[in-house]
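Protein chains in written order, with the numbering used here: chain A, 876 to 987; chain B, 419 to 529.
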């Protein structure tokens, strides 16, 4: 069974204080790992897809990396508007179903 | 760019009533998904459709049903509503089963 564990559950940062969010996963063959941002009461917003170990993707202050066991979402010099819940999801390449397994998310609060 | 559209955005129903949620996926996306999200929870997969055919089924109660129509919009029908059905319901769409694009959600409150 595919599993995704995100840590920490909650993170409080000062504006400008860089940090990383972790997503550990077990999957029977990785088809893709996805990062989403979700604001309260809104739908998850797609950020990145990573397909293979060693891959990295960047968008503004966010950088996602992938190994065979985990993914990190690095946030450089965060701003208050980066406050949100960040969700990680993995998709298996075997089993015939492409329904992703989501983690519980990391709630990030950035204080000005 | 076009996004996933959901209606209504808010819905208030009484116990034992019926609700219908609508979803219009991104044009040319071939898969539609429905999720339920309770407070502080990750999205729970309910059901999906690939090219208008049901493709996967998750933790969808028997009281719920869904279908995708010829114009690719999808509807989630919920009957005999219970207090525990109160949640955010999201529709998402994808192309070739990769990253999902979520709609803004429908907030269902059952009283």
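We put the CB at the ideal spot given by N, CA and C, even for glycine. Since the structure is predicted, the reported quantities are computational estimates derived from the model, not experimental observations.
Listed by chain order, chain B residues near residue i by CB distance under 8 Å
i, result
"residue 905 of chain A", "What residue 905 of chain A touches in chain B: nothing, since even the nearest Cβ is about 13 Å away."
"residue 924 of chain A", "516 and 517"
"residue 917 of chain A", "522 and 523"
Distance between residue j and residue i (C-alpha atoms, nearest Å)
i, j, result
"residue 450 of chain B", "residue 522 of chain B", "14 Å"
"residue 500 of chain B", "residue 524 of chain B", "16 Å"
"residue 944 of chain A", "residue 436 of chain B", "44 Å"
"residue 467 of chain B", "residue 965 of chain A", "19 Å"
"residue 978 of chain A", "residue 880 of chain A", "5 Å"
"residue 949 of chain A", "residue 937 of chain A", "6 Å"
"residue 475 of chain B", "residue 907 of chain A", "20 Å"
"residue 972 of chain A", "residue 514 of chain B", "12 Å"
"residue 915 of chain A", "residue 458 of chain B", "10 Å"
"residue 429 of chain B", "residue 956 of chain A", "29 Å"
"residue 986 of chain A", "residue 888 of chain A", "6 Å"
"residue 448 of chain B", "residue 528 of chain B", "32 Å"
"residue 923 of chain A", "residue 967 of chain A", "16 Å"
Assigned secondary structure, residue i (DSSP; H/G/I helix, E/B strand, else coil)
i, result
"residue 501 of chain B", "helix"
"residue 480 of chain B", "coil"
"residue 474 of chain B", "strand"
"residue 956 of chain A", "helix"
"residue 512 of chain B", "strand"
"residue 451 of chain B", "strand"
"residue 492 of chain B", "strand"
"residue 876 of chain A", "coil"
"residue 906 of chain A", "strand"
Residues bridged to residue i (per DSSP)
i, result
"residue 949 of chain A", "A:895 and A:938"
"residue 434 of chain B", "Bridge partners of residue 434 of chain B: none, in fact."
"residue 881 of chain A", "A:898"
"residue 984 of chain A", "A:887"
"residue 525 of chain B", "B:428 and B:506"
"residue 913 of chain A", "A:960"
"residue 965 of chain A", "A:908 and A:976"
"residue 926 of chain A", "According to DSSP, which records beta bridges pairwise, residue 926 of chain A is partnered with nothing at all."
Interface residues of chain B facing residue i [CB-CB closer than 7 Å]
i, result
"residue 972 of chain A", "474"
"residue 891 of chain A", "None at all; the shortest Cβ gap to chain B is about 28 Å."
Chain A residues whose Cβ lies nearer than 8 Å to that of residue i
i, result
"residue 460 of chain B", "962, 977, 978, 979 and 980"
"residue 482 of chain B", "Neighbours of residue 482 of chain B on chain A: none; closest Cβ ~17 Å, over 8 Å."
Short Cβ contact (8 Å threshold) for residue i with residue j
i, j, result
"residue 953 of chain A", "residue 892 of chain A", "yes"
"residue 913 of chain A", "residue 981 of chain A", "no"
"residue 456 of chain B", "residue 505 of chain B", "yes"
"residue 464 of chain B", "residue 453 of chain B", "yes"
"residue 900 of chain A", "residue 878 of chain A", "yes"
"residue 492 of chain B", "residue 441 of chain B", "yes"
Within chain A, partners of residue i - CB distance below 9 Å
i, result
"residue 467 of chain B", "Those do not exist, as residue 467 of chain B stays about 12 Å from chain A at its closest Cβ, beyond 9 Å."
Per-residue contacts from residue i into chain A (C-beta, under 7 Å)
i, result
"residue 508 of chain B", "918"
"residue 463 of chain B", "974"
Proximal chain B residues relative to residue i, where beta-carbon distance stays under 9 Å
i, result
"residue 947 of chain A", "Going along chain B, no residue has its Cβ under 9 Å from residue 947 of chain A, so there is no contact; the nearest lies around 18 Å."
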